[in-house]
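Contents: one structure, followed by commentary.
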Amino acid sequence: MAGGGCEAAAQAASRIPGVSKVLVADAPHLADGLAENLAAQALALARNYSHVLLPATAWGKNLAPRLAAKLDVAQLSDVTAVVSADTFERPIYAGNAIATVQTADPIKVITVRTTAFDAAPASGGAATVETIPAVAAAGSCRFVSRQLTKLDRPELSGARIVVSGGRGLGSGENYTKLLEPLADKLGAALGASRAAVDAGFVPNDYQVGQTGKIVAPQLYIAVGISGAIQHLAGMTDSKVIVAINKDPDAPIFSIADYGLVADLFEAIPEFVASL
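Structure, rendered in structure tokens:
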């Protein structure tokens with residue numbers, strides 16, 4: 003646990019079942035999560051362990067290559083299943099195939115697709131908490147500022163329900179008018195296909211897909227999304243997929259649990275009215 007004023011977080015981590023020890027490095031220069039500082043902190047410990055795991059998020063992908071390069075080992079990316087201590091599964095070709103990869107490196111640096119695994123319980127464990135020295139701050143960078151997006155809805159990557167819109171909505175105005183009331187009724191996060199983002203309907207952080215966010219909610223509702231491979235790679239692990247599209251041959255229907263061939267401009271208001 004590396005950060006500034008992170009004692010409460012360390013105590014929370016110690017209560018997770020399966021955790022045997024929590025090491026805490028608490029210093030002001032670690033508070034802002036700069037990869038240069040965090041990588042140095044992790045490297046001070048990594049050689050004592052056989053596996054170093056990070057989430058396959060923008061944060062994890064910023065940190066893992068630094069560790070792998072410094073440790074002179076290969077990085078295993080986007081792992082979705084553990085076969086054994088040295089063998090793992092990961093999707094390739096936009097999720098159309100699963101590769102089984104094995105490594106002989108003494109230290110395994112791995113990024114994990116967290117949506118492929120069930121969340122650990124938040125209580126039930128009793129790990130020890132140990133304070134360790136914080137490494138010196140890297141002189142090559144400094145934290146300047148951070149602009150945060152404030153959301154009134156759940157965060158996309160961790161939401162239980164996601165409502166996503168595609169190019170079929172026609173405009174950003176239609177996206178807002180049709181999908182926001184539906185998301186509000188369901189308590190859902192809002193997402194979008196790359197086509198909708200490229201068309202300027204919504205900002206980049208709404209994008210679900212191979213080059214966007216990987217999601218696996220309990221319910222995924224795809225509205226006006228044809229189902230390009232790029233998009234399917236980001237949401238095929240969803241527990242229940244509902245697709246609404248006027249094209250009966252849209253690829254999205256091949257993976258949908260429930261499909262509605264209809265004009266979304268009529269179907270969505272009816273959907274909202276019935277909730």
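Its first residue numbered 3, the sequence shown is counted upward by one per residue in this note's numbering. Using N, Cα and C, we set each Cβ at its ideal position, and we do this for glycine too.
Boundaries of the alpha helix (DSSP H) in which residue i is found, first to last residue
i, result
"HIS233", "231 to 234"
"ASP186", "174 to 188"
"GLY62", "60 to 73"
"ALA198", "196 to 200"
Beta strand (DSSP E) segment containing residue i, residue limits
i, result
"PHE90", "89 to 94"
"ALA83", "83 to 86"
"VAL274", "Premise fails: VAL274 lies in the alpha helix (DSSP H), 266 to 276, not in any beta strand (DSSP E)."
"VAL210", "VAL210 -> no beta strand (DSSP E), and no H or E assigned at all."
"ALA99", "99 to 104"
"VAL225", "221 to 225"
"THR238", "First-last for THR238: undefined, no H or E at that position."
"ILE254", "Element bounds for ILE254: n/a, residue is neither H nor E."
"VAL263", "260 to 263"
"VAL131", "130 to 133"
"SER113", "A small fix is needed here, since residue 113 is Thr in this sequence, not Ser. Looking at the DSSP string, the run of the beta strand (DSSP E) that includes THR113 is 110 to 114."
Where residue i falls, given that 16 or more other Cβ within 10 Å makes a residue buried
i, result
"VAL204", "buried"
"VAL210", "buried"
"THR130", "exposed"
"ILE112", "buried"
"GLN220", "exposed"
"ASN39", "buried"
"ARG148", "exposed"
"ARG49", "exposed"
"HIS233", "buried"
"SER153", "Sequence check: residue 153 is Leu here, not Ser. LEU153 should be labelled exposed."
"GLY167", "buried"
"TYR222", "buried"
"TYR177", "buried"
"VAL242", "exposed"
"ALA181", "One point to set straight first is that residue 181 is Leu, not Ala, in the sequence displayed. That one is buried."
"GLY226", "buried"
Residue i vs residue j beta-carbon contact at 8 Å
i, j, result
"THR116", "THR102", "no"
"PRO253", "GLY214", "no"
"GLY170", "LEU47", "no"
"VAL244", "ALA264", "no"
"ARG92", "VAL84", "no"
"ALA235", "GLY97", "yes"
"ASP28", "PHE145", "no"
"VAL24", "ALA10", "no"
"ALA121", "LEU158", "no"
"ILE270", "LEU184", "yes"
"LEU56", "LEU45", "no"
"LEU69", "VAL54", "yes"
"ILE109", "SER22", "no"
"ASP239", "ALA118", "yes"
"LEU78", "THR105", "yes"
"GLN43", "ALA4", "yes"
"LYS179", "LEU277", "no"
Assumed close pair residue i, residue j - CB separation to whole angstroms, cut-off 8 Å
i, j, result
"GLY160", "PRO19", "Rounded, the Cβ-Cβ distance is 20 Å, inconsistent with contact."
"ALA136", "LEU32", "6 Å"
"TYR208", "ALA194", "4 Å"
"ARG17", "ALA124", "7 Å"
"VAL217", "VAL164", "6 Å"
Report the residue ranges of all alpha helix (DSSP H) runs contained in full by the segment 17 to 56; include only those spanning at least 4 residues, in chain order.
Taking only runs of at least 4 residues, the alpha helix (DSSP H) segments lying wholly in the segment 17 to 56 are 37 to 48.
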